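Peer 1:
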Amino acid sequence: MTDMKDDTKIVARGRDPEANFGIVNPPVYHASTITFPNVAALERRSELHVRYGRLGTPTTFALEEAVAELEGGANAVITSSGLAAIATALTSFLRTGDHLLMVDTVYDPGRKFCDRVLTRLGVETTYYDPLIGAGIGDLIRPNTRVVYTESPGSQTFEVQDIPAIAAAAHDAGAVVITDNTWGTPLYFKSFAHGADVSVHAATKYIAGHSDVMLGLVVGTEATYPALKTAVTLWGQCAGPDDVYLTLRGLRSMSARLGRHQENALVVARWLAERSEVARVIHPALAHDPGHALWSRDFTGANGLFGVVLAKPYGKHAMAAMLDNMQLFALGFSWGGYESLIVPADPARTATKWQAPGPLLRLHIGLEDTEDLIADLADGLARLETASG
Ligand SMILES: *Cc1c(COP(=O)(O)O)cnc(C)c1O
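Below is the structure:
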């Protein structure tokens, strides 16, 4: 079938029951050694797809193909985590003497990778305003080799004009990398919007159950070979059970995301009306500064958004709220089926951030929104009481 719709691809790609006794899902191959029947075959092993465990098995190829096809890339590589995917993507293209344009609102450990590792390798990083758009052209130098985007921005959710940034970067011959963890391969088509490489913390919505650490880097025909070389020579790989769980998570991702998005909008709209809240940062809400770009480029949102509180509530009041939540757990990461709440630290990832009060990051899970809203209402009441 040509022109398969996304929901069909999610179900149909990355598996081949006919090659596997009719079994619906691909087998989990636990493999290090791959044996060869004779010396001639051993000598010709570079022609084989399956030749050493670290280099891939039918289990890993199934996930790589399914995600790449869904996003519109040529192929993908698997890494041990989302952060390893960022490091792999960057080091696939950067060399000593190169310049990197990195979005100021990048996922914080990615920023540390630039400051602590790339500096040592002789790569200079300039952080740019996420809202720069085509103005990125003014920051490009003759040695700018990579322009890195992440939209919406980590913690502060600025939506970037990736097509405009990519056009300017390509004029200068730079490679465009995007961290598409929030958009997912379903709701943001990185390659159709100008990216050359797409990074995913599959840990989040693709795996989707808070039980897996895994990264994926998707490339085009032009960029995939460099990605494959990098994962091979950095020794990046993931355990087969985690790869399998991620592929299993992918099958229900569209259904889960739809519900996360729906639930999050109900909760976000309720929060936006509260006196304790200055602003809900959620690009799918009409008032959001990123709404126009989000509507143009994305086909959906998810359960993650920010809440700026109306005044500088102190540590004690924040703890009174957050220590006693019944359904919202305090914890990092997101994309699982359960709701999370965490105080954000935007100054680390958005150096020009200003707000009247603390920023909370909420992940809305698959619970009933009436229960979630009741939990938040109690929490906001504790916040007000404790702030006196
Ligand atoms: C969580 C996250 C990562 C890192 O993923 P891990 O699997 O936790 O290493 C990278 N990018 C974004 C946008 C993330 O939210």
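So the sequence shown is numbered by the numbering used here: it starts at 1 and just counts up by one. Heads up, the beta-carbon is just placed ideally off N, CA and C, and yes, glycines get one too. Only a predicted model underlies this, so the values are computations on that prediction, with no experimental measurement involved.
#1: Can you give the Cα-Cα distance for I341 and R44, rounded to whole angstroms?
#2: Any idea what DSSP makes of H49, helix, strand or coil?
#3: Within a Cβ cutoff of 7 Å, which residues of the same chain sit near L121, ignoring the five residues on either side of it in sequence?
#4: Count the other CB atoms within 10 Å of the CB of I23; is the residue buried (16 or more) or exposed (fewer)?
#5: Any idea what DSSP makes of Y337, helix, strand or coil?
#6: Cα separation between A207 and L214?
#7: If you follow the beta strand (DSSP E) that F305 is in, where does it begin and where does it stop?
#8: Got a sec: does ligand 1 put a non-hydrogen atom nearer than 7 Å to the Cβ of T203?
#9: Which value, in whole angstroms, describes the spacing of the CA atoms of D368 and H260?
#10: For ligand 1, is there any heavy atom lying closer than 7 Å to the beta carbon of S190?
#11: Hey, which unbroken runs of the alpha helix (DSSP H) at 4 residues or more fall wholly within the stretch 45-119?
#12: Sort out for me which residues DSSP pairs H260 with in a bridge.
#13: For A31, which residues in the same chain have their Cβ closer than 6 Å to its Cβ, ignoring the five residues on either side in sequence?
#14: Thinking C-alpha only, which one of A85, V39, E47 and R13 is nearest T59?
#15: Kindly list the residues whose CB is nearer than 6 Å to the CB of M102, restricted to its own chain and excluding five residues on each side of it in sequence; keep chain order.
#16: Quick one: grab the DSSP three-state call for L299.
#17: Suppose only complete runs of 3+ residues qualify. What are the beta strand (DSSP E) ranges in the stretch 347-383, listed by chain order?
#18: Could you please give me the residues that DSSP links to G215 through a beta bridge?
#19: Since L216 and H193 are thought to touch, with beta carbons under 8 Å apart, how far apart are those beta carbons, to the nearest angstrom?
#20: Looking at the structure shown, is T223 part of a helix, part of a strand, or coil, going by DSSP?
#21: Would V39 and F93 be called neighbours here (beta carbons separated by less than 8 Å)?
#22: Any heavy atom of ligand 1 inside 7 Å of the beta-carbon of T369?
#23: On the premise that E71 lies in contact with S190, defined as a C-beta separation below 8 Å, what is that separation, rounded to the nearest angstrom?
#24: For the stretch 228-247 against the stretch 72-86, are there 3 or more C-beta pairs whose distance is under 8 Å?
#25: So, helix, strand or coil for D129, using DSSP?
#26: Just the Cα atoms here: how many angstroms apart are S154 and D345?
#27: Could you give the first and the last residue of the continuous alpha helix (DSSP H) run that contains D179?
#28: Since K9 contacts E69 with CB under 8 Å, what's their CB separation in whole angstroms?
#29: For R277, which of helix, strand or coil comes out of DSSP?
Peer 2: Taking the coordinates as given:
#1: Walking along the sequence shown from the start, residue 341 turns up at place 341. Walking along the sequence shown from the start, residue 44 turns up at place 44. One C-alpha to the other measures close to 53 Å.
#2: Residue mapping note: residue 49 aligns to position 49 of the sequence shown, counting from 1. H49: coil per DSSP, three-state reduction.
#3: Against the sequence shown, residue 121 aligns to sequence position 121. Its chain contains T96 as the residues whose beta carbon lies nearer than 7 Å to that of L121, once the 5 sequence neighbours on both sides are disregarded; these appear in chain order.
#4: Indexing the sequence shown from 1 puts residue 23 at position 23. Exposed, since its Cβ has fewer than 16 Cβ neighbours within 10 Å.
#5: Numbered from its first residue, the sequence shown carries residue 337 at position 337. Y337: coil per DSSP, three-state reduction.
#6: Against the sequence shown, residue 207 aligns to sequence position 207. Against the sequence shown, residue 214 aligns to sequence position 214. Distance between the alpha carbons of A207 and L214 is about 8 Å.
#7: Along the sequence shown, read from residue 1 onward, the residue named residue 305 stands at position 305. Looking at the DSSP string, the run of the beta strand (DSSP E) that includes F305 is L304 to L309.
#8: By 1-based counting over the sequence shown, the position of residue 203 is 203. It does: the Cβ of T203 is within 7 Å (strictly closer) of some heavy atom of ligand 1.
#9: Here the question's residue 368 lines up with position 368 in the sequence shown. Here the question's residue 260 lines up with position 260 in the sequence shown. If I take the Cα positions, the gap works out to 11 Å.
#10: Within the sequence shown, residue 190 is the residue found at index 190, counting from 1. Answer for S190: no, Cβ out of range of ligand 1.
#11: 58-71, 82-93 and 108-112
#12: Residue mapping note: residue 260 aligns to position 260 of the sequence shown, counting from 1. None, per the DSSP bridge assignment.
#13: Within the sequence shown, numbered from 1, the residue matching residue 31 stands at position 31. Same-chain partners within the cutoff: G53 and T57.
#14: Position 59 of the sequence shown, counted from the first residue, corresponds to residue 59. The residue with the shortest Cα to Cα distance from T59 is R13.
#15: Within the sequence shown, the letter at position 102 stands for residue 102. Answer for M102: C114, T125, Y127 and Y148, listed in chain order.
#16: For this step, residue 299 is matched to residue 299 along the sequence shown. Rather than Leu, the amino acid found at residue 299 in this sequence is Thr. Residue state, collapsed to three classes: coil.
#17: Within the stretch 347-383, complete beta strand (DSSP E) segments of at least 3 residues are found at 359-363, given in chain order.
#18: For this step, residue 215 is matched to residue 215 along the sequence shown. According to DSSP, G215 bridges with T79 and A201.
#19: Along the sequence shown, one-based indexing puts residue 216 at 216. Along the sequence shown, one-based indexing puts residue 193 at 193. Actually they are not in contact, since the Cβ atoms of L216 and H193 sit about 18 Å apart, beyond 8 Å.
#20: To locate residue 223, count along the sequence shown from 1; it is residue 223. DSSP places T223 in coil when its eight states are reduced to three.
#21: For the purposes of this step, residue 39 is identified with residue 39 of the sequence shown, where counting begins at 1. For the purposes of this step, residue 93 is identified with residue 93 of the sequence shown, where counting begins at 1. No. Outside cutoff.
#22: Position 369 of the sequence shown, counting from 1, holds the residue named residue 369. T369 Cβ: outside cutoff for every heavy atom of ligand 1.
#23: On the sequence shown, residue 190 is found 190 positions in, with the first residue counted as 1. On the sequence shown, residue 71 is found 71 positions in, with the first residue counted as 1. Between E71 and S190 the Cβ distance is about 6 Å, and since that is below 8 Å, they are a contact.
#24: yes
#25: For the purposes of this step, residue 129 is identified with residue 129 of the sequence shown, where counting begins at 1. Of the three classes helix, strand and coil, the one that applies to D129 here is coil, per DSSP.
#26: In the sequence shown, residue 154 corresponds to position 154, counting from 1. In the sequence shown, residue 345 corresponds to position 345, counting from 1. When rounded, the distance between both Cα atoms is 10 Å.
#27: By one-based count along the sequence shown, residue 179 stands at place 179. Looking at the DSSP string, D179 is not in any alpha helix (DSSP H); the run it does join, the beta strand (DSSP E), is V175 to D179.
#28: Numbered from its first residue, the sequence shown carries residue 9 at position 9. Numbered from its first residue, the sequence shown carries residue 69 at position 69. Rounded, the Cβ-Cβ distance is 6 Å, consistent with contact.
#29: Locating residue 277 in the sequence shown gives position 277, counting from the first residue. Residue 277 is actually Val in this sequence, not Arg. Correct three-state label for V277: strand.
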